[in-house]
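Count along the sequence shown from 1, add 3, and you get the number used in our numbering.
Note that beta-carbon positions come from the ideal geometry of N, C-alpha and C, so glycine has one too.
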Amino acid sequence: MHNDQSGRMNRRQFVQTTGLGALALATGAAGASSSSSETIVSQLYDSLSAEQRSKVTFPFDHPLRSKIDNNWHITPHRIGDFYSADQQAMIQDIFRGLHNPDFYDKVEYHIQEDAGGLKNYSIALFGEPGTGQFEFVLTGRHCTARCDGDSVDGAAFGGPILYGHAANSFNEQPHHPDNVYWYQAKRANEVYQALDGKQRQMALLGDPRPEQATATIALNKRGEVPGIPLSELSRDQKGLVEAVLDDLILPFRKEDREEVMKLIRDAGGIPALSMSFYKNMDIGSDEVWDVWQLESPTMLWYFRGAPHVHTWVNVRQGA
4 MHNDQSGRMN RRQFVQTTGL GALALATGAA GASSSSSETI VSQLYDSLSA
54 EQRSKVTFPF DHPLRSKIDN NWHITPHRIG DFYSADQQAM IQDIFRGLHN
104 PDFYDKVEYH IQEDAGGLKN YSIALFGEPG TGQFEFVLTG RHCTARCDGD
154 SVDGAAFGGP ILYGHAANSF NEQPHHPDNV YWYQAKRANE VYQALDGKQR
204 QMALLGDPRP EQATATIALN KRGEVPGIPL SELSRDQKGL VEAVLDDLIL
254 PFRKEDREEV MKLIRDAGGI PALSMSFYKN MDIGSDEVWD VWQLESPTML
304 WYFRGAPHVH TWVNVRQGA
């Protein structure tokens with residue numbers, strides 16, 4: 004039931020609201036309706052006791068704000084143990100508000116399966132509301148999520164994020180049954196299938212980048228990006244890549260989807276990206292590539308689907 008995509012919004016409607024071609028209209032609407040998550044973060048901050056504030060609030064430029072990993076706790080204080088019932092409800096509403104309402108049931112499912120629910124995750128707050136520098140960060144297994152109210156200039160989501168899922172077992176089967184994010188890899192493999200022989204030689208590589216916590220999302224700012232430059236693709240092939248991008252941003256709230264697409268467009272759009280697939284981590288040797296990425300000097304979307312899904316995301320403004 005949980006990998007059924009029938010609940011997703013109409014694809015034509017979604018592309019119209021978030022695709023590269025509609026971005027000029029979409030970004031105009033974004034400024035008119037900001038998410039309530041930032042408002043609730045301010046309320047949460049104000050509700051903290053002196054003891055809570057001493058343990059989970061930090062200066063805005065604290066190094067913890069920039070850290071990311073696939074399974075970590077930004078503070079040792081679990082949501083279900085450290086916060087009042089009202090505060091836990093606020094945290095739930097903040098996290099829910101960071102996602103597309105049409106996808107949130109799937110996010111909630113993976114949070115429950117991966118860690119027993121949001122109560123077993125942790126948060127930290129950086130800076131102070133109203134200063135222009137304030138960010139909420141939630142962490143735990145297969146999740147680093149941020150709510151920044153655009154405090155961080157030129158960074159989608161307010162900084163690097165991670166999402167993932169281990170469905171049914173640590174070592175997933177080749178077709179990843181019940182994994183809520185596997186649909187993204189299936190869409191990416193449609194691009195690979197559309198490549199000709201020469202293009203596949205460029206796109207299919209051996210080993211991907213290693214997972215090294217924050218270092219995993221380092222950008223190749225000098226332009227040393229692996230894989231096939233998407234400027235080499237035909238118009239139809241680029242259309243398939245746009246469908247991949249649509250699927251990648253689908254889980255997230257409208258303003259974050261729009262910011263991602265704007266930053267990609269401003270950095271040159273799809274032709275400025277490269278795409279790579281990795282044959283040395285092919286579960287079941289079925290040539291449906293479990294590990295792949297989209298990358299440019301200002302963007303990384305690294306889908307590491309073996310032995311289960313970890314997805315590392317870092318989208319920045321160009322120089």
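Limits of the beta strand (DSSP E) - the one that residue i falls within
i      : result
Arg307 : Met302 to Arg307
Ser2   : Because the chain here runs from 4 to 322, residue 2 falls outside it and cannot be looked at.
Val291 : No beta strand (DSSP E) holds Val291; DSSP gives it neither H nor E.
Val312 : Val312 to Val318
His164 : For the sequence presented, residue 164 should be read as Ile rather than His. Start and end: Ile164 to His168.
Phe280 : Ser277 to Tyr281
Arg149 : Cys146 to Cys150
Per-residue DSSP class, three states only, for residue i
i      : result
Leu222 : coil
Val110 : helix
Ala127 : strand
Arg256 : coil
Glu41  : helix
Gln215 : strand
Trp185 : helix
Gln115 : helix
Ser237 : coil
Asn192 : helix
Gln176 : coil
6 Å Cβ shell around residue i - same chain, five flanking residues per side excluded
i      : result
Ala191 : Val247 and Trp295
Ala275 : Ser299
Thr219 : Trp315
For residue i, the first and last residue of its enclosing alpha helix (DSSP H)
i      : result
Ala88  : Ala88 to Gly100
Val140 : Per DSSP, Val140 belongs to no alpha helix (DSSP H); it is in the beta strand (DSSP E), Gln136 to Gly143.
Arg203 : Gly200 to Ala206
Cβ neighbours of residue i in the same chain (closer than 7 Å, five flanking residues each side left out)
i      : result
Gly143 : His76, Ala118, Asn123, Tyr124 and Ser125
Asp293 : Ala188, Met284, Asp285, Ile286, Gly308 and Ala309
Outcome for residue i when other beta-carbon atoms lying within 10 angstroms are tallied against a minimum of 16
i      : result
Phe129 : buried
Pro211 : buried
Leu67  : exposed
Asn103 : buried
Gly230 : buried
Close Cβ partners of residue i (< 8 Å) along its chain, the five nearest in sequence each way excluded
i      : result
Asn223 : Glu298 and Pro300
Glu235 : Gln202 and Met205
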